[in-house]
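What follows is one structure encoded as structure tokens, with my remarks underneath.
Chains as they are written, first to last, in the numbering used here: chain A, 1 to 687; chain B, 1 to 311.
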């Protein structure tokens with residue numbers, strides 16, 4: 001393909017439409033496509049020199065950088081790259097505008113590349129001949145459209161692949177050179193490449209998400225995979241996940257829960273009772289002119305009898321702290337075990353299940369709000385006896401033996417039992433993040449991972465401790481559950497407040513205190529685990545933390561109603577000023593293409609001969625006529641296609657005479673041409 | 001005898017000497033018939049001089065003169081000079097080679113600009129002003145100038161304004177190997193120019209010129225000619241565009257081509273066939289276009305392709 005030849009007419013417009021359809025931005029795609037193809041209907045042009053191209057390229061680069069920052073601010077940074085890629089076609093529009101409405105058919109590479117400029121200036125200095133690299137930017141936009149469409153959100157639709165192959169084929173076929181037969185392998189390759197590229201990009205995104213730990217793996221409120229029975233080091237992301245701050249010296253919870261589970265099967269914790277795991281919207285109540293979300297189950301329909309409805313009114317007087325962090329749809333909110341209410345979060349919805357797991361539908365990617373706690377209530381419903389006391393059969397024997405070893409009796413008070421358990425764990429066990437217990441995955445008979453933990457190695461991480469404690473407590477007749485979440489342990493000395501990182505992720509037990517009728521947190525893990533939980537601060541980590549902080553704080557600031565208006569007004573003003581500035585400069589430097597509509601147009605009578613009627617038919621054999629190709633020259637091509645047409649030459653000569661000889665022609669000539677044309681038309685039809 | 005017969009005889013006579021170049025021969029002859037002058041730019045030995053000689057020889061009674069341009073050539077060497085006759089004590093005018101029917105100006109870019117412009121004035125005005133007095137040139141005054149594209153040292157490239165005086169610029173180019181073998185066979189005993197019989201008289205050529213002026217040219221095609229030439233103005237790759245003189249020349253040469261084709265009117269094909277030769281040498285490319293490898297002929301060819309032709 002010639003580098004300077006533009007893509008075929010309308011291909012770019014269709015590609016932009018395709019991009020719009022595949023990325024769910026059809027209106028932008030349509031507008032961009034129309035803008036690009038408008039050049040075919042207007043003679044408006046600009047004489048952009050290399051400086052103008054260079055400036056447009058700088059402007060485009062700046063716009064891409066700005067878009068990258070905005071995308072990073074607006075969403076998850078692990079999907080930022082594909083997201084930026086999917087916005088590339090409209091970002092490249094200024095360059096395509098220069099290409100389409102400029103008066104040259106190609107752009108010089110030196111307008112883009114510093115190296116090319118250097119080379120040129122060196123050649124000029126040394127007096128060497130210069131053969132600058134030029135290319136048509138339309139081909140770049142076309143390729144970008146295809147790539148961007150493949151990362152679009154709708155690229156899994158059945159239309160994706162056929163359209164991709166069709167457009168690519170059009171692009172190659174339009175460039176000339178290729179015959180249809182030789183196109184097929186190329187198109188097959190393009191289809192495969194498109195498919196492979198799409199799958200590859202999906203895998204890449206998934207890999208990015210997986211290596212980051214959280215990005216795409218959605219939180220499942222009914223399943224918590226553990227590392228029990230796995231080998232190796234426990235690895236968690238050291239990135240900041242949440243930030244917590246308080247007014248003055250208000251107390252802070254030590255444990256913030258995200259999920260609760262009650263069934264231990266196959267070394268994982270899950271919830272199997274469907275009715276109990278249903279999520280229900282939280283009630284809201286306006287207290288003192290401010291809406292609060294109520295978490296007390298006694299305020300919930302279908303919950304325990306609503307005896308303490310009045311309790312909610314004292315919510316604003318409870319201890320509270322502020323929670324800030326990034327969240328997506330159905331993110332679980334880390335909350336203390338005795339949380340009573342939420343306020344100030346900008347949410348589309350918030351719901352919780354009977355285990356007290358709260359998940360949210362945030363309005364913005366970063367949320368910020370107050371958490372009220374220590375109200376003497378739980379968000380959890382009371383225990384389900386059949387579930388919360390169940391021991392897996394495989395562990396029963398071990399747990400019995402252990403209970404006997406510790407020497408706790410079901411008759412002891414709960415406090416005494418927990419104290420004994422805690423002492424036993426702290427004395428006899430060692431915390432380690434280096435896991436050495438392997439579960440018998442091949443079905444061999446032998447001790448389970450839990451059995452080996454409590455009997456042999458007595459070393460493990462929090463999931464082992466929490467699981468063991470829950471099972472031991474169940475054996476003594478105390479309903480217990482397994483809870484996951486974060487431990488609050490890292491204070492931010494410079495800025496005040498606390499930070500929660502991925503490495504602060506923790507697991508512990510929820511224990512039912514029958515006397516007070518509430519669930520309490522019980523953390524059996526030896527406290528020295530915290531020593532290894534806060535990572536060493538590398539420069540990279542500090543930089544990441546600072547970026548995250550800036551991003552979230554900016555977000556929260558921007559989303560405050562007062563600021564939002566100011567920001568949007570300021571942005572609109574800047575955008576308007578920029579558009580006005582560019583439009584003004586463009587309008588003043590506009591040019592018109594000479595040609596149709598120009599001063600040399602002939603508007604006198606145009607003679608039509610009978611041979612003109614043959615043109616449409618002849619197109620089937622000859623292809624369409626270029627604007628500069630003469631009719632006679634074009635039609636002479638029929639001599640090859642219709643070898644048995646002696647009248648063709650005569651018809652063409654008559655046509656030329658009728659058409660271009662100013663002297664009046666005899667009527668017979670026109671009649672003769674009429675006959676010849678009809679004859680020719682029938683010959684073409686029969687060929 | 002009709003003019004088209006004369007044209008055909010003339011053409012076949014010249015073509016029998018200048019082998020394998022029927023297109024160029026016809027265009028150069030058409031240029032002569034249109035009353036213009038031609039600049040042949042080509043490598044040495046491609047037959048420029050032979051072409052000029054053949055044309056001169058084919059016309060019975062035509063005077064042929066040749067000037068080899070050199071840096072020390074003076075205007076008077078071309079135009080002529082008045083010399084004092086000691087017997088009569090009067091100045092007698094010795095006409096220079098410009099007073100001829102066909103003038104071969106060989107390697108025109110080797111002479112100084114002063115000498116070049118003396119010739120070019122004669123070409124433009126069909127007159128020579130020598131020592132204040134005007135001398136009209138003959139009705140058939142056809143200049144074939146040649147220049148060599150490979151040499152630059154010691155040459156004075158023709159000024160852009162003066163390139164405009166040439167109606168056409170043609171290149172001969174190398175012929176096919178078969179034609180080259182035929183040339184060798186032709187010249188085995190004597191040069192075919194020497195054997196060439198005259199094909200037309202000087203008067204017949206003047207008749208051809210009159211006939212060319214009478215070839216019909218439709219109003220619509222006049223607009224097409226103007227559109228073609230006008231498109232060079234405002235073209236981003238062109239610094240100096242073609243003048244109305246180019247439009248005029250394009251029309252006249254097309255008419256002359258029609259004579260050789262035996263037509264009484266001009267068709268758009270004829271215009272397209274000579275447009276590059278008539279327009280390209282008159283335009284000056286913008287520096288950036290020149291450095292990016294564009295050529296004037298290529299630009300004109302692109303214009304022919306893109307400007308809608310009357311059908």
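Note that beta-carbon positions come from the ideal geometry of N, C-alpha and C, so glycine has one too.
What you are looking at is a predicted structure, and each value in this text was computed from that prediction instead of being measured.
Cβ of residue i within 8 Å of any chain A Cβ
i, result
"residue 213 of chain B", "no"
"residue 142 of chain B", "no"
"residue 248 of chain B", "no"
"residue 309 of chain B", "yes"
"residue 240 of chain B", "no"
"residue 265 of chain B", "yes"
"residue 272 of chain B", "yes"
Where residue i falls, given that 16 or more other Cβ within 10 Å makes a residue buried
i, result
"residue 253 of chain A", "buried"
"residue 102 of chain A", "buried"
"residue 584 of chain A", "exposed"
"residue 164 of chain B", "buried"
"residue 139 of chain B", "exposed"
"residue 249 of chain A", "exposed"
"residue 455 of chain A", "exposed"
"residue 259 of chain B", "buried"
"residue 132 of chain B", "exposed"
"residue 557 of chain A", "exposed"
"residue 191 of chain B", "exposed"
Cutoff 8 Å: residue i Cβ touching any chain B Cβ
i, result
"residue 602 of chain A", "yes"
"residue 661 of chain A", "yes"
"residue 132 of chain A", "yes"
"residue 627 of chain A", "yes"
"residue 540 of chain A", "no"
"residue 656 of chain A", "yes"
"residue 681 of chain A", "no"
"residue 632 of chain A", "yes"
"residue 606 of chain A", "yes"
"residue 25 of chain A", "no"
Paired residues, beta bridge with residue i - DSSP
i, result
"residue 332 of chain A", "A:359"
"residue 642 of chain A", "BP columns for residue 642 of chain A are empty, so no partner."
"residue 263 of chain A", "A:270"
"residue 145 of chain A", "Paired residue(s): none; residue 145 of chain A is not in a bridge."
"residue 65 of chain B", "B:103"
As assigned by DSSP and simplified to three states, the class of residue i
i, result
"residue 718 of chain A", "Residue 718 of chain A falls outside the range modelled here, since chain A spans only 1 to 687, and no answer is possible."
"residue 374 of chain A", "coil"
"residue 288 of chain B", "helix"
"residue 103 of chain A", "coil"
"residue 311 of chain B", "coil"
"residue 224 of chain B", "helix"
"residue 203 of chain A", "helix"
"residue 148 of chain B", "coil"
"residue 251 of chain A", "coil"
"residue 5 of chain B", "helix"
"residue 420 of chain A", "helix"
"residue 28 of chain A", "helix"
Cβ neighbours of residue i in the same chain (closer than 8 Å, five flanking residues each side left out)
i, result
"residue 25 of chain B", "11, 14, 15, 18, 51"
"residue 318 of chain A", "340, 341, 372, 373, 374, 375"
"residue 331 of chain A", "219, 359, 360, 362"
"residue 725 of chain A", "Shown here, chain A extends from 1 to 687; a query on residue 725 of chain A therefore has no answer."
Cβ neighbours of residue i in the same chain (closer than 6 Å, five flanking residues each side left out)
i, result
"residue 233 of chain B", "241"
"residue 528 of chain A", "431"
"residue 730 of chain A", "A question about residue 730 of chain A goes unanswered here, because the residues of chain A that appear run from 1 up to 687."
Residues near residue i by beta carbon distance below 7 Å, same chain, minus five either side
i, result
"residue 187 of chain B", "none"
"residue 232 of chain A", "435"
"residue 699 of chain A", "For residue 699 of chain A there is no data in the structure shown, the boundaries of chain A being 1 and 687."
"residue 33 of chain B", "208, 209, 212, 256, 259"
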